[in-house]
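In the numbering used here, the protein residues as written are 14 to 300.
C-beta: ideal position from N, C-alpha, C; glycine also.
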Ligand SMILES: [Zn+2]
Ligand SMILES: [Zn+2]
Ligand SMILES: [Zn+2]
C-alpha cells in the first residue's frame, strides 16, 4: 500500500501542485496560493512521513510564514498544526483522505494570509494545538452523543475538568455535573440520573442504564483532561522561546519581543524586499 506521503503526492495535480521526492519519506510540494486580494503566493512545503499514515508539513524556508509561532499554530520545528475539529479521520489511507489533508493545508495557509493582516489567529476556538486536536475531537464526539446542550457547552468552552485527588470532576460553568475515577475513568456514581435527561417509567433514567451514556460521560472527561494536558505541554515547551512578533497578545514573553523583531524583519525582508511597512509593523509593541 502507498504511504501517506505518496497519497499526498499522487493527488497534488488537483491543486496545481508539483511533488518532488527528496527522500524515502519526504516530498516537496510547490504551488501558488491565491488569496482574497487576488495575489498568488508561491509556496514550497516540505512534507514528511510520520509513522505509516500521518504526515507533517512545514514551509521549506521561512519566507511567507514565521519559523515558529504558537499563536499561528507553527511548531518549534516549523511544522504546522494541521489537525482540527472538522477532520474526523486523522489518518491518510487513500486518495480521499489525502484530499482532506490538502484541503486542511489550503485552509491553514489561507488563514495565515489573514493572520498576517489581522495580527491574530481568526478562529481561536476551532483549532487545537498539536496532538491536543485528537483529544478535542474525541471530546466533541462524546459530547455529541450526550446531547446538543453538551455540544454547545463544549463549543462555548464552558466545560472544565478539575482533578481532586482520585477523581476528575466535570463542571459546566461552576456547576458540578459528575465525577470519574482518575485511574479507571469510570463514572463514580452510576446510579445518578443520566445527563441526557431521558425519562423512563420511574422518572429520569439512571446513567448506567442509559445506552452508551455512561461510557460517553467517561470519555468526555478523559478527553477534556488529556486535551488540557496537551495544550499545557504545548505552551510549556515554549516557555523560554521568543515570540516572532507577528501577532498581538502573544502569550510568549513580551520582554524578548524586541530582540526578535530584528530577526523577523530580516526574515520578512527575504519574502518582500521593498515593503516599507515591515519594520514598523513588526516592532509595533507597547513599552
Ligand atoms: Zn509569533
Ligand atoms: Zn497549533
Ligand atoms: Zn442518557
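Next item on the list: Could you tell me which of 126, 233, 71 sits nearest to residue 260, measuring between CA atoms?
Entry: Residue numbering aside, residue 260 sits at position 247 when the chain shown is read from its first letter. Closest by alpha carbon: 126.
Margin query: Below 8 Å, how does it come out for the region 240-259 and the region 199-208: are there three or more Cβ pairs, yes or no?
Written below: no
Next item on the list: Whole angstroms is fine: what's the gap from residue 246's alpha carbon to residue 214's?
Entry: Taking the chain shown and counting its residues from 1, the one referred to as residue 246 is at position 233. Taking the chain shown and counting its residues from 1, the one referred to as residue 214 is at position 201. If you take the alpha carbons of residue 246 and residue 214, they lie about 47 Å apart.
Next item on the list: Label residue 229 either buried or exposed according to how many other C-beta atoms from any shown protein chain fall within 10 Å of its C-beta, with 16 as the threshold for buried.
Entry: Numbered from 1 along the chain shown, position 216 holds the residue referred to as residue 229. By the 10 Å Cβ count, residue 229 comes out buried.
Notebook entry, point to check: Looking only at DSSP bridge pairs, what is residue 306 linked to?
Noted result: Look at the range of the chain in this structure, 14 to 300, and you will see that residue 306 is not part of it.
Checklist line | residue 9 versus residue 31 - alpha carbon distance | finding: As shown, the chain starts at 14 and ends at 300. That puts residue 9 outside it, with no answer to give.
Checklist line | Segments assigned beta strand (DSSP E), at least 3 residues, entirely inside the region 168-226 | finding: 172-177, 180-185, 188-194
Check: DSSP state of residue 163, grouped into three classes?
Finding: Counted from its first residue, the chain shown places residue 163 at position 150. Here residue 163 sits in helix by DSSP.
Next item on the list: Could you tell me which residues DSSP puts in a beta bridge with residue 56?
Entry: By 1-based counting over the chain shown, the position of residue 56 is 43. Partner(s): 44.
Check: What residues come near ligand 1, if near means a beta carbon less than 7 Å from any of its heavy atoms?
Finding: 79, 82, 83, 84, 85, 256, 257, 258, 259, 260, 263, 265
Margin query: Helix, strand or coil, according to DSSP, for residue 127 in the structure here?
Written below: Numbered from its first residue, the chain shown carries residue 127 at position 114. The answer is helix: DSSP assigns residue 127 an H, G or I state.
Checklist line | Euclidean distance between Cα positions of residue 48 and residue 110 | finding: For the purposes of this step, residue 48 is taken as residue 35 along the chain shown, with counting starting at 1. For the purposes of this step, residue 110 is taken as residue 97 along the chain shown, with counting starting at 1. Each residue's alpha carbon lies about 24 Å from the other.
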